[in-house]
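Asker: Submitted below is the structure of interest, expressed as structure tokens.
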RNA sequence: GCCCGCCUGGCGGAACGGUAGACGCAGCGGACUUAAAAUCCGCAGCCGAGAUGGCGUGGGGGUUCGAAUCCCCCGGCGGGCACCA
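In the working numbering, the protein residues as written are 43 to 929.
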């Protein structure tokens with residue numbers, strides 16, 4: 043280590059010089075208190091408590107066991123721990139559990155790349171991360187820990203699935219998937235990058251597979267409506283979910299083909315604009331539409347066009363370029379209202395099979411995509427909605443569709459109606475003819491949960507040639523993953539396993555095939571919060587336990603899960619209610635979404651992009667520039683951005699805790715800024731937090747000569763002032779913690795520490811009662827900071843009460859003495875026309891006449907008022923006197 | 001394109017419509033030290049020699065005795081969704 047570097051200068055030394063005096067030794071203290079809490083079982087609660095304390099369930103999103111904890115975890119679990127410790131002190135029985143989201147692809151990748159079994163890799167990672175989390179001093183009930191990859195967990199998930207199946211909440215259907223032909227697996231949309239598989243790099247194909255779906259769309263209306271009841275969720279998360287669910291009102295209508303094609307006589311279309319039916323100029327269907335397939339069967343050009351669409355997919359590239367492509371099938375459809383009129387049927391790349399019915403009617407004048415398409419292929423553009431104040435004779439649509447309000451025209455019986463009325467009239471007319479009806483459409487689609495992977499929860503069904511799909515009987519659960527699998531070839535190892543999938547049909551006993559797909563890992567995380575309530579039960583959840591603890595009062599995690607995980611959990615909870623497992627519908631009464639942890643990034647100057655460097659590889663110069671620690675070459679200090687392995691701008695929490703201690707890391711991560719915003723991790727900031735831990739400890743040490751005693755009968759000026767600060771701080775920190783303003787709580791505690799420092803200077807005067815006031819202040823400093831710095835708080839308390847202290851973790855939250863919250867004197871600002879002209883000191887709650895009189899007498903104010911006529915005197919008690927003057 | 005959020009010193013940020021910039025980081029001056037670190041004392045929005053002078057919360061307007069805060073317009077940044085029919 044070099045002493046020129048900022049990093050070296052800031053850290054504590056391993057061996058303090060003798061002259062420095064004692065220092066807080068976090069290396070000894072933190073493990074000691076962690077052990078004390080564990081031995082006393084401070085954070086344990088019962089599945090079904092009987093002690094009558096009100097319950098509080100706080101939980102952070104459980105980690106994926108990737109190997110090491112990262113700063114995002116530190117922030118997440120620190121935030122949750124502050125809430126847990128604070129609520130516990132406030133008298134709640136707090137359930138604060140931890141577990142592992144342990145299934146997932148990285149374990150399989152490790153198996154393929156390094157030959158280590160996914161289970162071994164996962165459990166080794168868990169063991170390591172558990173040690174790291176324990177070093178943070180979190181107030182967790184570790185007795186509730188589980189990993190989702192344990193059969194003891196996933197057997198209950200299988201049971202839930204079978205219950206859902208029985209209740210009609212599960213469907214097996216064909217669906218289009220992204221297929222990686224090299225890896226032989228289905229890819230999630232996120233895993234398709236520029237039309238290629240993220241691992242294999244092979245062009246992704248669209249393929250139709252039979253998959254299991256959870257019927258989340260059955261709950262679409264209530265999942266949307268209940269968002270309004272989630273008043274302790276961030277507004278933007280509720281908005282994102284509302285957009286995702288995507289309710290729209292429209293009509294479904296059927297167009298008759300002039301001549302049936304392969305037995306298909308009608309095309310069903312969904313539209314939100316039935317009022318524009320008279321502006322129709324074509325009908326377009328998705329490439330995956332059955333009618334398209336029928337045409338392709340006899341028309342090689344159509345087949346080629348469909349193949350082309352399938353290659354580019356409906357994602358990424360095709361959408362980016364935005365080029366509309368179509369193929370005229372030569373088929374014609376009739377208009378529902380205009381007798382004798384017919385329109386061409388196109389296959390178009392911009393029509394999605396997944397939304398609506400996979401077919402649209404094109405009204406180019408009033409839809410931009412339809413217009414782009416019509417212009418490209420020279421189709422008719424007939425406006426049928428006249429904008430307000432536009433002239434029907436001259437109004438025309440050029441390159442921009444008109445989508446605003448207006449009056450129907452060129453539309454026969456709809457003419458003269460506004461858009462809303464025309465929609466209603468059109469729907470009525472469709473219904474009267476029996477060719478359509480008004481419907482509500484949802485963007486939300488059913489949740490495909492089948493994955494062709496090994497490291498996931500097996501889907502507990504058996505396929506029998508005779509009986510069809512047969513659920514695995516309860517007494518055969520769990521369907522365990524086989525251990526002896528190989529990863530030496532692409533595809534699903536479960537499918538390759540020589541014996542696993544071959545079973546007897548539970549219904550008829552004939553040879554049958556086990557389902558080899560496993561669940562999407564989002565299934566694992568959709569009910570773990572319920573399992574925590576009774577983690578050892580031999581049923582998925584014990585009703586009395588979930589009835590007591592659920593819903594989660596405060597859930598904390600990253601905004602990246604704003605949609606999928608939270609929506610799936612909300613669905614799962616409803617499905618569990620329907621199948622009798624739980625009483626509540628909403629799993630998370632309160633949600634807090636934290637910001638990311640960011641850091642400067644560094645890279646070498648050479649090359650177009652340079653090479654990314656880790657923070658410990660560079661050395662900062664006082665002028666802000668940086669050089670390579672070893673080679674001395676100049677380094678480009680890049681943007682502050684989210685910590686990521688690829689940018690190498692990561693800070694290892696383990697190293698920080700080893701160097702500064704858990705309390706310092708926790709304190710810094712809370713103090714820097716509001717927790718919902720992104721924070722920048724800086725070495726200087728951590729060092730500052732570390733200095734504060736030492737300072738607080740020194741304050742306790744400085745009181746070593748004084749004894750704890752009864753409250754004095756009288757205090758001097760300094761003592762009274764200090765006590766006021768102490769009790770104001772109790773009130774302010776309490777308020778800040780209640781509102782997640784942890785950075786403000788930290789600021790108030792710094793202020794209290796500064797007041798203690800002032801009192802230390804005054805202590806030489808030996809004012810009566812001052813030592814007592816100092817003891818009180820330091821004790822409150824410790825107890826109020828205990829949710830943030832729990833180890834230091836214990837250490838300070840044992841110093842203040844040698845031999846006789848109760849664990850801070852067991853102490854109730856301090857209460858401010860209301861008498862001390864009232865100031866002896868208040869400063870009132872005096873304004874003239876809203877401009878500050880002076881201040882006056884008054885007794886609190888002085889009457890208006892007295893305050894105004896004192897304000898007018900203030901020299902600077904009096905001078906400014908000279909020769910002016912006071913028109914109005916505004917008095918706000920204890921705050922403001924404002925004079926409105928004329929002349 | 002649609003929807004949402006944000007914009008305050010060098011930086012992170014504080015501020016029930018009521019003294020803008022608390023608190024921290026970085027900085028500057030001083031004490032202690034051979035020196036440094038640590039610690040302690042002090043300074044610190046901008047302009048101004050200075051003032052309880054002026055100007056200041058992205059820009060412009062409005063409401064109000066009084067606006068960082070409420071309303072309208074504009075700009076910038078960030079996020080979500082998106083051939084969604």
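C-beta atoms are modelled at their ideal positions from N, C-alpha and C, and glycine is treated no differently.
Please read these numbers as outputs of a predicted model, since none were measured by experiment.
Measuring alpha carbon to alpha carbon, tell me which residue in 843, 227, 314, 852 is nearest residue 245.
Answerer: The sequence position of residue 245 within the first chain is 203, counting from 1. Cα-wise, what sits closest to residue 245 is 227.
Asker: Short of 6 Å in beta carbon distance, which residues of its chain neighbour residue 912, apart from the five on each side in sequence? Order them along the chain.
Answerer: In the first chain, the residue the question calls residue 912 occupies position 870. Excluding positions up to five away in sequence, the list reads 925, 927.
Asker: Can we say the stretch 557-576 touches the stretch 139-152, given the rule of at least three CB pairs closer than 8 Å?
Answerer: yes
Asker: Look at the Cβ atom of residue 923, then the Cβ atom of residue 871, and state whether they are nearer than 9 Å.
Answerer: Reading the first chain from its first residue, position 881 is the one you call residue 923. Reading the first chain from its first residue, position 829 is the one you call residue 871. Contact: yes.
Asker: Which one of 78, 158, 89, 195 has the shortest CA to CA distance from residue 176?
Answerer: Looking up residue 176 in the first chain gives position 134. Per the Cα distances, 78.
Asker: Are at least three pairs of beta-carbons, each pair with one atom in the stretch 725-741 and one in the stretch 185-203, less than 8 Å apart?
Answerer: Segment contact: the stretch 725-741 against the stretch 185-203, fewer than three CB-CB distances shorter than 8 Å; contact not assigned.
Asker: Kindly provide the ranges of any beta strand (DSSP E) runs that are 3 or more residues long and lie completely inside the stretch 94-150, ordered along the chain.
Answerer: The qualifying runs are 97-102, 135-137.
Asker: Starting from residue 917, follow the beta strand (DSSP E) in both directions and report where the run begins and ends.
Answerer: Here residue 917 refers to the residue found at position 875 of the first chain. If you look at residue 917, you'll find it in the beta strand (DSSP E) that goes 911-918.
Asker: Using 8 Å as the Cβ pair cut-off and three pairs as the minimum, do the stretch 483-501 and the stretch 247-258 touch?
Answerer: yes
Asker: Quick one: Cα of residue 797 to Cα of residue 764, how far?
Answerer: As a working mapping, residue 797 is identified with position 755 in the first chain. As a working mapping, residue 764 is identified with position 722 in the first chain. Taking the straight line from one Cα to the other gives about 6 Å.
Asker: How about the stretch 424-437 and the stretch 313-327: do they share at least three Cβ pairs that are nearer than 8 Å?
Answerer: yes
Asker: Whose C-alpha, out of 115, 116, 178, 125, is nearest the C-alpha of residue 74?
Answerer: Against the first chain, residue 74 aligns to sequence position 32. Among 115, 116, 178, 125, the Cα nearest to that of residue 74 is on 178.
Asker: Which residues in the same chain as residue 698 place their Cβ atom closer than 7 Å to its Cβ, once the five residues preceding and following it in sequence are excluded?
Answerer: Position 656 of the first chain, counted from the first residue, corresponds to residue 698. So the list reads 707, 728, once near-sequence residues are dropped.
Asker: Under a three-way DSSP split, which group does residue 208 fall into?
Answerer: Reading the first chain from its first residue, position 166 is the one you call residue 208. Three-state result, residue 208: helix.
Asker: For residue 786, which residues from the same chain have a beta carbon less than 6 Å from its beta carbon, with the 5 sequence-adjacent residues on both sides left out?
Answerer: Here the question's residue 786 lines up with position 744 in the first chain. Hits under 6 Å: 778.
Asker: Please state whether the Cβ-Cβ distance between residue 744 and residue 837 is less than 9 Å.
Answerer: The count along the first chain starts at 1 and reaches residue 744 at position 702. The count along the first chain starts at 1 and reaches residue 837 at position 795. Not a contact, by the Cβ cut-off of 9 Å.
Asker: For the stretch 494-512 against the stretch 542-553, do three or more pairs of beta-carbon atoms, one drawn from each stretch, fall closer than 8 Å, so that the two count as touching?
Answerer: Touching, per the Cβ criterion.
Asker: Residues in its own chain within less than 6 Å of residue 61 by CB, not counting five upstream and five downstream?
Answerer: Locating residue 61 in the first chain gives position 19, counting from the first residue. Per-residue confidence for residue 61 stands at a pLDDT of 38, beneath the threshold of 50, marking its modelled position as unreliable; no derived number is given.
Asker: If you check the beta carbons only, do residue 566 and residue 196 fall under 9 Å apart?
Answerer: Here the question's residue 566 lines up with position 524 in the first chain. Here the question's residue 196 lines up with position 154 in the first chain. The answer is yes: Cβ separation under 9 Å.
Asker: Would you check if there are 3 or more beta carbon pairs closer than 8 Å linking the stretch 872-888 to the stretch 904-920?
Answerer: yes
Asker: Just to check my reading of the structure: residue 772 and residue 830 have Cβ atoms closer than 8 Å, yes? What is that Cβ distance to the nearest angstrom?
Answerer: For the purposes of this step, residue 772 is identified with residue 730 of the first chain, where counting begins at 1. For the purposes of this step, residue 830 is identified with residue 788 of the first chain, where counting begins at 1. Not really, about 15 Å apart at Cβ, beyond 8 Å.
Asker: Is the beta carbon of residue 384 sitting closer than 9 Å to the one on residue 390?
Answerer: Along the first chain, read from residue 1 onward, the residue named residue 384 stands at position 342. Along the first chain, read from residue 1 onward, the residue named residue 390 stands at position 348. No, the pair does not count as a contact, with Cβ atoms beyond the cut-off.
Asker: Can you tell me whether residue 616 is helix, strand or coil according to DSSP?
Answerer: Here residue 616 refers to the residue found at position 574 of the first chain. Of the three classes helix, strand and coil, the one that applies to residue 616 here is helix, per DSSP.
Asker: Expressed to the nearest angstrom, what Euclidean distance is found between the alpha-carbon atoms of residue 704 and residue 827?
Answerer: In the first chain, residue 704 corresponds to position 662, counting from 1. In the first chain, residue 827 corresponds to position 785, counting from 1. Using only the alpha carbons, I get a separation of about 14 Å.
Asker: Quick check: residue 184 and residue 632, are their CB atoms within less than 9 Å of each other?
Answerer: Indexing the first chain from 1 puts residue 184 at position 142. Indexing the first chain from 1 puts residue 632 at position 590. Not in contact: residue 184 and residue 632 (Cβ atoms no closer than 9 Å).
Asker: What residues match up with residue 632 in a beta bridge as DSSP calls it?
Answerer: Taking the first residue of the first chain as position 1, residue 632 is located at position 590. Answer is 274, bridged to residue 632.
Asker: Taking buried to mean at least 16 other C-beta atoms within 10 Å of its own C-beta, is residue 64 buried or exposed?
Answerer: Taking the first chain and counting its residues from 1, one reaches residue 64 at position 22. Because the pLDDT at residue 64 is just 45, under 50, the model does not fix this residue reliably, and the point stays unresolved.
Asker: Hey, residue 841 and residue 739: beta-carbon distance below 9 Å or not?
Answerer: Sequence index remark: in the first chain, residue 841 carries index 799 (1-based). Sequence index remark: in the first chain, residue 739 carries index 697 (1-based). Contact: yes.
Asker: Quick one: residues in its chain with C-beta nearer than 8 Å to the C-beta of residue 645, no 5 flanking neighbours on either side, listed in chain order?
Answerer: Your numbering for residue 645 matches position 603 in the first chain. If we look at residue 645 and ignore the five residues flanking it on each side, its Cβ neighbours are 651, 652, 653, 654, 655, 677, 678, 680.
Asker: Just tell me which of 612, 613, 70, 898 has its CA closest to the CA of residue 914.
Answerer: On the first chain, residue 914 is found 872 positions in, with the first residue counted as 1. Closest option to residue 914, judged by alpha-carbon separation, among 612, 613, 70, 898: 898.
Asker: Closest to residue 438 by CA distance: which of 406, 415, 460, 456 is it?
Answerer: Within the first chain, residue 438 is the residue found at index 396, counting from 1. Selected option, being the one with the closest Cα: 406.
Asker: Can you tell me whether DSSP reads residue 353 as helix, strand or coil?
Answerer: Residue numbering aside, residue 353 sits at position 311 when the first chain is read from its first letter. Residue 353 falls in the helix class under three-state DSSP.
Asker: Do residue 542 and residue 558 have their beta-carbon atoms positioned less than 9 Å apart in this structure?
Answerer: Against the first chain, residue 558 aligns to sequence position 516. Against the first chain, residue 542 aligns to sequence position 500. Yes, these two residues count as a Cβ contact at 9 Å.
Asker: Give me the residue from 849, 147, 848, 109 with the minimum Cα distance to residue 495.
Answerer: Taking the first chain and counting its residues from 1, the one referred to as residue 495 is at position 453. For residue 495, the nearest C-alpha among the options comes from 147.
Asker: If you compare alpha carbons, which of 90, 825, 69, 284 is closest to residue 584?
Answerer: Against the first chain, residue 584 aligns to sequence position 542. Nearest to residue 584 by C-alpha distance, out of 90, 825, 69, 284, is 90.
Asker: In three-state terms, what does DSSP make of residue 494?
Answerer: By 1-based counting over the first chain, the position of residue 494 is 452. Residue state, collapsed to three classes: coil.
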